[in-house]
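Engineer:
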Amino acid sequence: IPDGYSIDMEGEDETINESMSQLGLMLVLAVIFIYLIMVAQFQSLLSPFIIMFCIPLAFTGGFIALFITGNELGIISMLGFIMLAGLIVNNGIVLIDYINQARREGMSKHEAIIDAGRTRLRPILMTAMTTILAMFTSAIGIGDGSDMIRTIAIIGGLVYGTILTLIVIPCIYDAFNREKSMVEEEL
C-alpha cells in the first residue's frame, strides 16, 4: 500500500461487525433490565443479584454447545444468547422466591433451601424441558433456511444452566444470606 493510502473494510464484513457490536450492547442492556425488573419485583438487591448468577452458567452452556456442534458465534447465536438471558432467570426466580417464602413462614435457612430444592425441582425441569423440546426441531435443521434459525446455543445454555442452577444457586444463597429469621425482619 503506497504512503497516504489506507484500506477501509466495507460491505458485508463491516455490516456483520456493526451488527455484532449492536447485539452485544443489546445483551448488556437486556441483563441490566432483567436485574432492574427483579429488584422491583423482589424489593431487594440481594435476591436478584443471586439470581443473576444463572446467566453466566447458561452462557457457558451455550458456548459449550456451539463448540461441540462446530457452530460459530454469529448474529443468530447472539440473538439466542439474548433470549437465553431472559429464559434462564426464570429457574432462579422460582427457586429463590420459594426459599424466601419458606423463610418468611418460619423455616430455617437450610431447611428452606432443601425444601425449595425438593418442591421446585419438578416445575423447574418441566419449564426448561418444554422450551428445550420446542427448540429441538429448529436445532436439528431440517428444511429450507433451517441454518438461519439454529437454536443450539439456547438448548445448550438451558440444559447446562438449569442443571447448574439447581446446584449453584442454593449454594450462593446460603453463602450470601444470614441465618437470621425472615419472620423477625418483617415485624
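In our numbering, the protein residues as written are 228 to 414.
For each residue, glycine too, the CB sits at the ideal point set by N, CA and C.
Note that this is a predicted model, so its numbers are computed, not measured.
Taking a contact to mean a Cβ-Cβ separation below 7 angstroms, would you say residue 347 touches residue 322 in this structure?
Structural biologist: In contact: residue 347 and residue 322 (Cβ atoms closer than 7 angstroms).
Engineer: Could you check the C-alpha separation between residue 393 and residue 344 for me, to the nearest Å?
Structural biologist: If I take the Cα positions, the gap works out to 7 angstroms.
Engineer: With a cut-off of 8 angstroms, do at least 3 Cβ pairs link the segment 377-388 to the segment 273-290?
Structural biologist: Output reads yes: the segment 273-290 touches the segment 377-388.
Engineer: Tell whether a beta-carbon distance below 7 angstroms holds between residue 250 and residue 305.
Structural biologist: Against a cut-off of 7 angstroms, the Cβ pair of residue 305 and residue 250 comes out as a contact.
Engineer: Our contact map puts residue 351 next to residue 318 with C-beta atoms below 8 angstroms; I'd like the distance itself, whole angstroms only.
Structural biologist: Contact flag correct, Cβ pair sits at about 5 angstroms.
Engineer: With a threshold of 7 angstroms between beta-carbons, can residue 293 be considered close to chain D, or not?
Structural biologist: Absent from the structure: chain D. Only one protein chain is present.
Engineer: In terms of residue numbering, what span does the alpha helix (DSSP H) encompassing residue 276 cover?
Structural biologist: Run containing residue 276: 273-278, per the alpha helix (DSSP H) assignment.
Engineer: Let me confirm a value: residue 405 is counted as buried when at least 16 other C-beta atoms fall within 10 Å, else exposed. Which label applies?
Structural biologist: The residue in question, residue 405, is exposed, as its Cβ has fewer than 16 Cβ neighbours within 10 Å.
Engineer: DSSP on residue 270, reduced to helix/strand/coil?
Structural biologist: Three-state result, residue 270: coil.
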